[in-house]
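Trainee: My questions all concern the structure below.
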């Protein structure tokens with residue numbers, strides 16, 4: 001079989017702060033590496049999403065300077081290239097990184113600078129947070145608009161989904177639509193069908209996770225017919241206790257039902273995974289073929305927050321690599 005690490009990959013759902021190298025965190029914090037590991041890598045089974053989210057506390061402390069933001073972005077770009085990724089959309093919440101005096105502009109520019117040092121195309125998705133005020137989240141939309149097509153491609157809504165219902169964020173997404181900033185929304189992970197339904201009603205082009213869509217066949221039909229893509233993160237879904245095992249993950253149901261899906265790590269450090277490993281799980285435990293993995297990557301390209309010309313160029317690059325491998 002083909003070496004999956006060499007397979008060209010597209011990643012659309014990846015958190016910067018959940019992908020900080022353990023060694024880097026230990027160096028910056030001057031802590032024992034085993035202590036850092038225990039605080040940054042989630043167990044294979046958490047009680048729920050909220051427990052999983054506690055593993056972001058250490059990165060939040062680290063990522064408060066331009067130097068550290070730039071370094072972590074640079075190292076993540078290197079890790080993506082090593083994993084065979086040719087295009088990625090990396091997301092983070094800029095307002096979580098201004099505690100020591102950085103402006104939002106400085107935060108975004110530091111991350112973009114880090115990415116620019118590696119030969120890979122990466123765009124940023126800026127996250128609004130469910131536990132932040134509307135006033136603050138509006139700032140995220142405005143900064144995304146400022147940098148749109150200049151390294152930023154969209155916004156997202158992230159955080160404790162079950163504690164802050166998706167339906168309550170209607171006004172923010174009305175504003176995003178009015179200023180033509182594209183968006184994806186975390187939905188259907190810790191919360192259920194109503195969360196997904198709200199995201200769709202807001203006009204989301206993609207759904208972060210959406211793993212619980214299987215609970216409503218009529219909504220499945222809507223997602224399929226509107227070609228809304230589900231950003232699936234198998235290992236993360238198991239860790240947050242939304243799915244009990246790889247073998248029972250609904251991604252195969254969605255794919256067979258012709259719903260657009262992409263395969264993602266969510267958080268390379270917190271979930272202690274790579275895209276290569278995610279592919280291995282789907283092939284070994286859900287009987288996906290390499291050809292189907294390739295098809296899913298092409299779905300990801302079509303759903304990427306890129307211009308039509310950029311998508312065509314990326315698809316051609318992808319096909320050229322595949323032709324040399326298969």
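Residue numbers (our numbering): 1 to 326.
All C-beta atoms in this analysis are idealised placements derived from N, C-alpha and C, irrespective of residue type, glycine included.
Measure the beta-carbon distance from residue 274 to residue 17 and round it to whole angstroms, keeping in mind my assumption that it falls under 8 Å.
Mentor: Against the chain shown, residue 274 aligns to sequence position 274. Against the chain shown, residue 17 aligns to sequence position 17. With a Cβ gap of about 17 Å, residue 274 and residue 17 do not count as contacting.
Trainee: Which residues in the same chain as residue 99 place their Cβ atom closer than 6 Å to its Cβ, once the five residues preceding and following it in sequence are excluded?
Mentor: For the purposes of this step, residue 99 is taken as residue 99 along the chain shown, with counting starting at 1. Correct list, in chain order: 64.
Trainee: Counting along the chain, where does the alpha helix (DSSP H) carrying residue 134 start and finish?
Mentor: If you number the chain shown from 1, residue 134 lands on position 134. Its alpha helix (DSSP H) spans residues 134-147.
Trainee: My parser needs the alpha helix (DSSP H) runs of 4 or more residues fully inside the stretch 218-298; what are they?
Mentor: Fully enclosed alpha helix (DSSP H) runs of 4 or longer: 234-239, 251-256 and 275-286.
Trainee: By Cβ distance below 6 Å, which residues in the same chain neighbour residue 125 in space, the five residues on each side in sequence not counted?
Mentor: In the chain shown, counting from the first residue as 1, residue 125 sits at position 125. Cβ within range, chain order: 89, 91, 154 and 156.
Trainee: State the DSSP-derived secondary structure class of residue 91, mapped to helix, strand or coil.
Mentor: In the chain shown, the residue the question calls residue 91 occupies position 91. In this structure, residue 91 counts as strand in the three-state DSSP scheme.
Trainee: How is residue 10 classed by DSSP in three states: helix, strand or coil?
Mentor: Here residue 10 refers to the residue found at position 10 of the chain shown. Three-state result, residue 10: strand.
Trainee: Alpha carbon to alpha carbon, how far is residue 264 from residue 54? Give it in angstroms, no decimals.
Mentor: Taking the chain shown and counting its residues from 1, one reaches residue 54 at position 54. Taking the chain shown and counting its residues from 1, one reaches residue 264 at position 264. Cα to Cα, the separation comes out at about 20 Å.
Trainee: Is residue 206 helix, strand or coil when you go by DSSP?
Mentor: If you number the chain shown from 1, residue 206 lands on position 206. Note: residue 206 maps to strand in three-state DSSP.
Trainee: Whose CA, out of 319, 240, 305 and 311, lies closest to the CA of residue 152?
Mentor: Sequence index remark: in the chain shown, residue 152 carries index 152 (1-based). Of the candidates 319, 240, 305 and 311, the one whose C-alpha sits nearest the C-alpha of residue 152 is 305.
Trainee: If you follow the alpha helix (DSSP H) that residue 324 is in, where does it begin and where does it stop?
Mentor: The residue given as residue 324 occupies position 324 in the chain shown. First-last of the alpha helix (DSSP H) with residue 324: 308-325.
Trainee: Could you work out which residue in 271, 318, 177 and 296 is closest to residue 15 when comparing CA atoms only?
Mentor: The residue given as residue 15 occupies position 15 in the chain shown. Out of 271, 318, 177 and 296, 271 has the C-alpha closest to the C-alpha of residue 15.
Trainee: Quick one: what's got a C-beta closer than 6 Å to residue 56's C-beta in the same chain, skipping five residues either side?
Mentor: What you label residue 56 is simply residue 56 of the chain shown in a count that begins at 1. Excluding sequence neighbours, residue 56 sits near 17.
Trainee: Per DSSP, which one or two residues make a beta bridge with residue 186?
Mentor: Your numbering for residue 186 matches position 186 in the chain shown. Residue 186 pairs with 208.
Trainee: Taking contact to mean 3 or more Cβ pairs, one atom from each stretch, closer than 8 Å, check whether the stretch 19-30 and the stretch 100-111 are in contact.
Mentor: These segments do not touch.
Trainee: I need the DSSP call for residue 301, collapsed to helix, strand or coil.
Mentor: Numbered from its first residue, the chain shown carries residue 301 at position 301. Correct three-state label for residue 301: helix.
Trainee: Using the beta-carbon count (16 or more within 10 Å), is residue 312 buried or exposed?
Mentor: In the chain shown, the residue the question calls residue 312 occupies position 312. Exposed: under 16 other Cβ atoms inside 10 Å.
Trainee: Rounded to whole angstroms, how far is the Cβ of residue 141 from the Cβ of residue 172, which I believe are closer than 8 Å?
Mentor: Along the chain shown, read from residue 1 onward, the residue named residue 141 stands at position 141. Along the chain shown, read from residue 1 onward, the residue named residue 172 stands at position 172. Rounded, the Cβ-Cβ distance is 7 Å, consistent with contact.
Trainee: Please confirm whether residue 71 and residue 101 have their CB atoms less than 8 Å apart.
Mentor: What you label residue 71 is simply residue 71 of the chain shown in a count that begins at 1. What you label residue 101 is simply residue 101 of the chain shown in a count that begins at 1. Contact: no.
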